[in-house]
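A.B. asks:
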Amino acid sequence: MGKAPKQTPLPKSSNTRSITIRPTPLPAPPIELPPEVKQQAEKARASESALAVPERLLRPHAVIASCLAEHEQKKRQARSEHDPWRRNLYDPGYFSETDHRKHRILDALFKAIERQGGEVKQGERQLAEQRRRTSASQARR
10 MGKAPKQTPL PKSSNTRSIT IRPTPLPAPP IELPPEVKQQ AEKARASESA
60 LAVPERLLRP HAVIASCLAE HEQKKRQARS EHDPWRRNLY DPGYFSETDH
110 RKHRILDALF KAIERQGGEV KQGERQLAEQ RRRTSASQAR R
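This note's numbering puts the first residue of the sequence shown at 10, with every later residue one more than the last.
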């Protein structure tokens, strides 16, 4: 096709020191699970081959239901606000189709975990939010 480009040689180095490259250490091996946990995991893998996700969320898990109730409460608070700027600030918006799908998947997953003897609880987020509200109301006093 064409000519090869001219390759300029590297300049001679006056420094003759050696460079040592050490490989990064391997990660720690995974922790060894207790036999009863391994047994439960194997039992869960054997019994639940596929997770059925419903088309509609009829009776949501308690964690999902509390999330939905909190969203509705925020919507009511936004609707009751008289100042339009604050109304827009408080309005959590609508759930998208992706949000609804996420709720259905989490609902099916939480129920499957509980069927296998696991436990699903609401996180610390709600407690932290209540503490924040309490401290804010005390600061206003």
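We treat Cβ as the ideally placed atom computed from N, Cα and C, and that holds for glycine. Source: prediction; values computed, not measured.
I'd like the span of the alpha helix (DSSP H) that includes N97, first residue to last.
C.D. replies: Note, N97: alpha helix (DSSP H), 93–99.
A.B. asks: Less than 7 Å separating the beta-carbons of H80 and F119?
C.D. replies: no
A.B. asks: Are there three or more Cβ pairs, one per stretch, closer than 8 Å when the segment 125–133 is compared with the segment 82–90?
C.D. replies: no
A.B. asks: Distance check for T107 and D100, CA to CA, integer angstroms please.
C.D. replies: 19 Å
A.B. asks: Check whether the Cβ atoms of L67 and H112 sit closer than 7 Å, and answer yes or no.
C.D. replies: no
A.B. asks: Considering only residues of the same chain and omitting the five flanking positions on each side of K52, which have a CB-CB separation below 8 Å?
C.D. replies: Q125
A.B. asks: Figure out for me which residue from P39, I73, I28, P34 has the closest Cα to the Cα of I114.
C.D. replies: Ranking the options by Cα distance to I114, first place goes to I73.
A.B. asks: Grab me the residues of K83's own chain with a C-beta within less than 6 Å of its C-beta, minus the 5 sequence neighbours each way, in chain order.
C.D. replies: P101
A.B. asks: Classify D92 as buried or exposed, calling it buried when 16 or more other Cβ atoms lie within 10 Å of its own Cβ.
C.D. replies: exposed
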